[in-house]
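Numbering (the working numbering), first residue to last: 12 to 754.
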Amino acid sequence: MMTSKKNIPHKTLSLSLLCLLLVPCLAVSRQKLVAADSIVISNDYVKVVADLQTGKVHYRFTSGTQFENTVAYVQDVKTGMLTSTAFGGHQGSADELSDPLGKAICLNLVHEDAAQPLRLTQYITVYEKQPFILLSAIATAKAGGAMVETRNISPLTVLPAAQGKITTPGKRVLFTDYPFDNDNWVDVISRPWGEAPVSGISYELASAYDQQTRNGFTVGSLVHDFWKTGIRYGTGAVSNRIDSFIVYGGAATKDDPSLPDSYGGKDGTHDYIQHGTQMGGAVASPLIYFSASEDVRNDLLQFGKTVKRIAGSRNWTKAVPFYWNSFGVEGVLGYEKVMMPGDVAKVCDFLHSLNNFNKSTQPVLSIDSYDQGIYSTEVLQSVGRYGKKKGQQMGFYFIPFALWTWKNNINNATLTNTSHALKDVILLDDNNNYVPYKDGEWGAFPLDPTHPATRDYIIGQLQKAKAIGAKFIKIDFLSAGALESSRRYHPQVRSGIQAYNYGMKMLKQLVDSIMGPDIFITQAISPLFPHQYAHTRFLSTDVYSHLRNDQSGFPHYGSTCASMISATHFWWTQGTLWPYTNMDVVVMKNFQKNKDLTETEVKVRLFSMMALGSILGDGTDFRNKESAARARRYLNNAAICDFFSTPKAFTPLHFPVGNGQSQQLSFYLPGDTLLVAAFNFDDAKPFTETFERTELQWPDKAYSLRDLLTGHEVGKIAKGQTAFTLSVPVKDALMIQLVPAER
Numbered sequence: 012m013m014t015s016k017k018n019i020p021h022k023t024l025s026l027s028l029l030c031l032l033l034v035p036c037l038a039v040s041r042q043k044l045v046a047a048d049s050i051v052i053s054n055d056y057v058k059v060v061a062d063l064q065t066g067k068v069h070y071r072f073t074s075g076t077q078f079e080n081t082v083a084y085v086q087d088v089k090t091g092m093l094t095s096t097a098f099g100g101h102q103g104s105a106d107e108l109s110d111p112l113g114k115a116i117c118l119n120l121v122h123e124d125a126a127q128p129l130r131l132t133q134y135i136t137v138y139e140k141q142p143f144i145l146l147s148a149i150a151t152a153k154a155g156g157a158m159v160e161t162r163n164i165s166p167l168t169v170l171p172a173a174q175g176k177i178t179t180p181g182k183r184v185l186f187t188d189y190p191f192d193n194d195n196w197v198d199v200i201s202r203p204w205g206e207a208p209v210s211g212i213s214y215e216l217a218s219a220y221d222q223q224t225r226n227g228f229t230v231g232s233l234v235h236d237f238w239k240t241g242i243r244y245g246t247g248a249v250s251n252r253i254d255s256f257i258v259y260g261g262a263a264t265k266d267d268p269s270l271p272d273s274y275g276g277k278d279g280t281h282d283y284i285q286h287g288t289q290m291g292g293a294v295a296s297p298l299i300y301f302s303a304s305e306d307v308r309n310d311l312l313q314f315g316k317t318v319k320r321i322a323g324s325r326n327w328t329k330a331v332p333f334y335w336n337s338f339g340v341e342g343v344l345g346y347e348k349v350m351m352p353g354d355v356a357k358v359c360d361f362l363h364s365l366n367n368f369n370k371s372t373q374p375v376l377s378i379d380s381y382d383q384g385i386y387s388t389e390v391l392q393s394v395g396r397y398g399k400k401k402g403q404q405m406g407f408y409f410i411p412f413a414l415w416t417w418k419n420n421i422n423n424a425t426l427t428n429t430s431h432a433l434k435d436v437i438l439l440d441d442n443n444n445y446v447p448y449k450d451g452e453w454g455a456f457p458l459d460p461t462h463p464a465t466r467d468y469i470i471g472q473l474q475k476a477k478a479i480g481a482k483f484i485k486i487d488f489l490s491a492g493a494l495e496s497s498r499r500y501h502p503q504v505r506s507g508i509q510a511y512n513y514g515m516k517m518l519k520q521l522v523d524s525i526m527g528p529d530i531f532i533t534q535a536i537s538p539l540f541p542h543q544y545a546h547t548r549f550l551s552t553d554v555y556s557h558l559r560n561d562q563s564g565f566p567h568y569g570s571t572c573a574s575m576i577s578a579t580h581f582w583w584t585q586g587t588l589w590p591y592t593n594m595d596v597v598v599m600k601n602f603q604k605n606k607d608l609t610e611t612e613v614k615v616r617l618f619s620m621m622a623l624g625s626i627l628g629d630g631t632d633f634r635n636k637e638s639a640a641r642a643r644r645y646l647n648n649a650a651i652c653d654f655f656s657t658p659k660a661f662t663p664l665h666f667p668v669g670n671g672q673s674q675q676l677s678f679y680l681p682g683d684t685l686l687v688a689a690f691n692f693d694d695a696k697p698f699t700e701t702f703e704r705t706e707l708q709w710p711d712k713a714y715s716l717r718d719l720l721t722g723h724e725v726g727k728i729a730k731g732q733t734a735f736t737l738s739v740p741v742k743d744a745l746m747i748q749l750v751p752a753e754r
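Okay, structure coming up:
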């Protein structure tokens with residue numbers, strides 16, 4: 012697959028580029044210039060300059076983004092920190108590659124020094140006509156030396172001490188910081204970097220863009236089998252400049268109650284100990300995707316496609332599920348006697364009465380967390396038999412890698428459905444204390460995904476799911492399986508993500524073998540990566556469907572606006588990481604014991620799910636007459652049901668800025684009938700949005716603008732018209748079809 016034009020260490024090269032052999036190909040010309048003091052490799056998108064005197068690397072994108080004076084490093088457990096510039100010698104060579112991505116040149120930049128026990132090699136792959144480059148670094152022990160051991164290695168670092176800096180075009184550049192998972196209602200945050208110094212850690216992915224032009228860059232990790240990748244950033248006083256940017260394998264952060272949840276408080280990895288170490292004769296960093304263009308949306312979408320090519324994703328060829336989930340009615344079903352088994356039959360009857368809701372799929376009765384003394388396996392089997400008569404399927408909920416239990420009972424308990432002592436399965440910190448996932452006297456404690464007891468526990472849960480005929484599984488609190496631990500049953504598993512990847516692969520195999528290959532799997536609370544074991548994932552934490560987090564009488568989390576702040580930044584995941592997304596359920600009137608929603612809030616919530624390509628989920632108590640009436644208007648709406656039968660994510664025209672609750676957002680969805688959506692979460696100012704033909708690319712002809720819900724005409728576009736404007740009232744949303752006018 013590759014031919015060498017220069018003498019390079021092929022063994023270490025193959026380690027860093029092994030995954031590239033899975034990516035698709037494009038081809039064009041490239042350029043390589045070699046001088047005594049530098050190597051320059053370029054294509055139409057980027058010029059890479061490696062300085063052989065200093066060991067620094069410059070990345071200069073034709074779109075205007077520049078990363079100057081970058082370095083790589085490894086922090087060896089015994090040797091300490093070694094940056095690429097700390098070595099006395101720097102040698103460059105190049106390989107010509109031919110792999111499924113096309114033809115490329117891989118720059119091999121070797122940093123070594125007689126006084127150092129290891130060498131550090133950077134691999135920078137520039138494809139002839141791909142808009143991105145790939146970066147990795149490998150620390151290699153010298154012959155006869157000790158093995159390398161590290162929990163902190165970086166292929167791309169910008170440091171003030173090395174005169175490093177990042178600049179991008181634009182007058183208002185925003186840096187987007189992504190949380191490690193979707194727990195605790197944390198937000199994806201876009202932060203202006205020129206107004207005041209900002210700093211933080213983004214996880215697995217970071218991007219930046221100009222708010223007006225969208226010109227920007229994206230950096231993300233492509234392989235998720237060992238490292239939790241952190242992206243530590245800091246800005247100085249200079250406008251549109253980042254002077255600290257460290258992309259590293261080995262992120263492990265503890266929650267910090269002194270900080271806001273989304274700004275370092277709860278957006279990290281939730282770890283109690285350091286990241287596990289990777290050890291060997293050669294140790295590789297994360298493989299990093301790096302691109303910059305005039306539209307950051309293209310960079311993000313290409314990132315998702317590249318991750319998919321490397322790791323794959325689950326396909327779904329059957330009908331897209333519509334599901335009713337019990338959690339919206341009663342948290343632990345039956346515990347407070349809100350809904351008993353006979354009441355679920357009433358839900359079945361009501362769903363069966365919605366002809367459009369039933370037209371394209373068999374609806375799922377997704378029984379969430381439940382009182383097992385009431386909802387036993389036998390009772391759920393009975394519910395399933397009744398639902399089957401109504402054309403419905405069963406869903407099943409469980410937590411694979413954590414157990415809710417009393418803390419003071421751990422030493423005496425066995426793991427559910429097994430004979431294994433629970434104390435032997437829970438993860439430990441450095442002092443051999445049990446690591447809490449959700450701390451409390453009644454808490455959730457993480458299970459070792461590599462332990463045979465965890466496998467037995469999962470088998471027991473899947474056997475229950477099979478016994479009730481479930482075809483839909485919701486798995487939750489998965490982040491527990493990614494926590495770092497001072498012990499593992501499997502001795503070769505050395506990090507939290509390695510254990511989590513091991514556990515998810517095992518779970519997928521068990522689902523396929525016990526239940527069959529046609530089981531739809533949705534992830535609730537979970538890390539973003541690895542992604543390839545489920546058909547969909549929550550883009551945010553649970554959503555309660557009120558409009559804003561600051562609404563009086565509602566929780567200060569879980570609103571439609573808050574969910575949109577994160578989900579809009581993840582629009583690119585639908586069709587790349589997963590065939591669909593999941594925005595959690597809509598409720599027609601109230602979520603559990605929360606206040607009643609207005610009908611407008613229900614509509615806005617439903618539109619938000621559509622805009623992000625979600626499957627259709629509902630959590631309503633249909634025994635209530637008003638709830639049932641609204642469901643007939645919305646859940647049984649022919650246009651709504653038709654959309655959810657083949658959901659697709661809209662493209663955002665604007666990303667949310669910060670996590671304030673007065674966001675004004677707009678989207679469009681190309682297709683045979685162009686759709687546009689506009690959301691106004693502001694409670695004081697109307698939102699006027701102008702949609703341009705140059706952006707949306709509608710054919711030049713006359714159109715009728717029609718409200719999707721009602722089909723009523725709300726405006727017209729004349730032939731030759733290059734834009735149209737929509738006005739959205741406060742606390743409202745619109746979804747409009749462009750229907751070609753009749754001749």
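Built from N, CA and C at the ideal position, the CB exists for glycine as well.
Supposed close pair residue i, residue j - CB separation, criterion 8 Å
i: Pro142; j: Gln313; result: 6 Å
i: Val687; j: Phe702; result: 6 Å
i: Gly261; j: His286; result: 4 Å
One or two residues paired with residue i in a DSSP bridge
i: Asn119; result: Ser104, Tyr134
i: Lys727; result: Ser715
i: Pro203; result: Leu185
i: Gln289; result: Thr161
i: Gln86; result: Met92
i: Glu700; result: Leu737
i: Val375; result: Tyr334, Gln404
i: Val597; result: Asp629
Range covered by the beta strand (DSSP E) that runs through residue i
i: Asn336; result: 333-336
i: Arg751; result: It should be noted that the sequence gives Pro, not Arg, for residue 751. Segment 743-751, the beta strand (DSSP E) holding Pro751.
i: Val613; result: Element bounds for Val613: not the beta strand (DSSP E) but the alpha helix (DSSP H), 610-622.
i: Arg704; result: Careful: Arg704 lies outside any beta strand (DSSP E), inside the alpha helix (DSSP H) at 704-707.
i: Tyr70; result: 68-72
i: Leu629; result: Correcting the residue identity first, residue 629 is Asp in this sequence and not Leu. Asp629 -> beta strand (DSSP E) spans 627-629.
i: Thr240; result: 240-246
i: Ser255; result: 252-260
Residue range of the alpha helix (DSSP H) that includes residue i
i: Gly155; result: From DSSP, Gly155 is part of no alpha helix (DSSP H); its letter is neither H nor E.
i: Arg396; result: 388-400
i: Leu362; result: 352-363
i: Pro463; result: 463-478
i: Asp310; result: 307-322
i: Phe655; result: 649-656
Residue i - DSSP class collapsed to helix/strand/coil
i: Phe98; result: coil
i: Arg641; result: helix
i: Trp582; result: helix
i: Glu589; result: Per the sequence shown, the amino acid found at residue 589 is Trp instead of Glu. Three-state result, Trp589: strand.
i: Tyr220; result: strand
i: Thr229; result: strand
i: Ala432; result: strand
i: Trp453; result: strand
i: Tyr274; result: helix
i: Asp382; result: coil
i: Gln509; result: helix
i: Gly669; result: coil
i: Pro190; result: coil
i: Asn691; result: strand
Closest Cα partner of residue i within the set the options
i: Lys67; options: Lys742, Val169, Ala293, Thr187; result: Val169
i: Ala263; options: Trp583, Thr240, Ala660; result: Thr240
i: Pro538; options: Phe72, Glu139, Asp194; result: Asp194
i: Val82; options: Lys696, His101, Gln503; result: His101
i: Phe698; options: Leu716, Glu706, Ser677; result: Ser677
i: Phe780; options: Thr721, Phe654, Glu706; result: Given a span of 12 to 754 for the chain in the structure shown, any question on residue 780 remains unanswerable.
i: Val121; options: Pro171, Met575, Ser109, Ser49; result: Ser49
i: Phe361; options: Gly402, Phe338, Gly339; result: Gly402
i: Ile11; options: Thr684, Gly291, Pro297, Ser302; result: This structure cannot settle anything about residue 11, because the visible part of the chain is limited to 12 through 754.
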